[in-house]
């Protein structure tokens with residue numbers, strides 16, 4: 001006859017307790033790697049954010065450097081432009097001064113040539129006048145007027161002959177009876193000298 005020992009509750013309870021403890025330990029062990037993963041994820045995010053910030057800072061620094069370089073280039077271009085404009089203005093003013101000087105010289109030369117030409121013409125006229133024959137009447141137009149020159153061979157015309165000055169003859173007296181006045185009128189028919197209407201009537205009564 002085989003006797004079996006009853007299994008105690010403690011044993012079963014111990015097994016159950018061990019199984020529960022194993023379960024909790026397994027659950028704890030299972031939760032640990034999750035925390036590690038979460039920590040790793042957060043650290044990775046932090047690293048990416050840090051890298052992004054560093055890259056952004058580097059970009060801003062590079063951009064600032066580029067902007068400074070661009071500003072320097074703009075300043076250099078503006079200075080070069082101002083310099084070229086100043087040089088151009090100076091060159092234009094110098095060229096204008098040269099043109100004025102040349103223009104004055106040209107006008108002065110033109111005036112001198114004109115005066116020289118006039119002198120040559122006067123000299124030629126003098127030489128031609130000296131060659132003119134002796135019986136030529138010359139008209140000379142000068143600043144004081146026109147002068148007519150007669151040669152000695154021809155002499156002055158008779159209109160230029162001088163005559164002795166003489167006073168006009170005395171005026172006739174009136175022909176009226178017993179009138180001693182000088183005449184003022186002449187009768188249109190008889191051409192007699194008369195001095196008044198009374199003498200005129202007296203003469204006509206006698207006629």
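Numbering (full-length UniProt numbering), first residue to last: 1 to 207. We put the CB at the ideal spot given by N, CA and C, even for glycine.
Three-state secondary structure (DSSP) of residue i
i	result
residue 142	strand
residue 200	helix
residue 180	coil
residue 171	coil
residue 149	strand
residue 192	coil
Residue i to residue j span [Cα, whole Å]
i	j	result
residue 150	residue 167	31 Å
residue 171	residue 121	60 Å
residue 112	residue 148	32 Å
residue 141	residue 99	41 Å
residue 81	residue 71	15 Å
residue 187	residue 169	21 Å
residue 87	residue 117	44 Å
residue 90	residue 102	18 Å
residue 78	residue 69	14 Å
residue 76	residue 83	10 Å
residue 50	residue 58	12 Å
residue 105	residue 137	44 Å
residue 85	residue 124	57 Å
residue 236	residue 139	Given a span of 1 to 207 for the chain in the structure shown, any question on residue 236 remains unanswerable.
residue 119	residue 126	11 Å
residue 144	residue 155	24 Å
residue 65	residue 56	14 Å
residue 61	residue 74	20 Å
residue 115	residue 109	10 Å
residue 195	residue 158	40 Å
residue 26	residue 48	With a pLDDT of 47 at residue 26, under the threshold of 50, the modelled position of that residue is not reliable, and no figure is offered here.
Buried versus exposed, by CB contacts within 10 Å (16 or more), residue i
i	result
residue 28	At residue 28 the pLDDT is 45, less than 50, meaning the model places this residue with poor confidence; the figure from the coordinates comes in the next sentence. Label assigned to residue 28: exposed.
Residue i and residue j closer than 8 Å at C-beta
i	j	result
residue 175	residue 164	no
residue 153	residue 135	yes
residue 173	residue 183	yes
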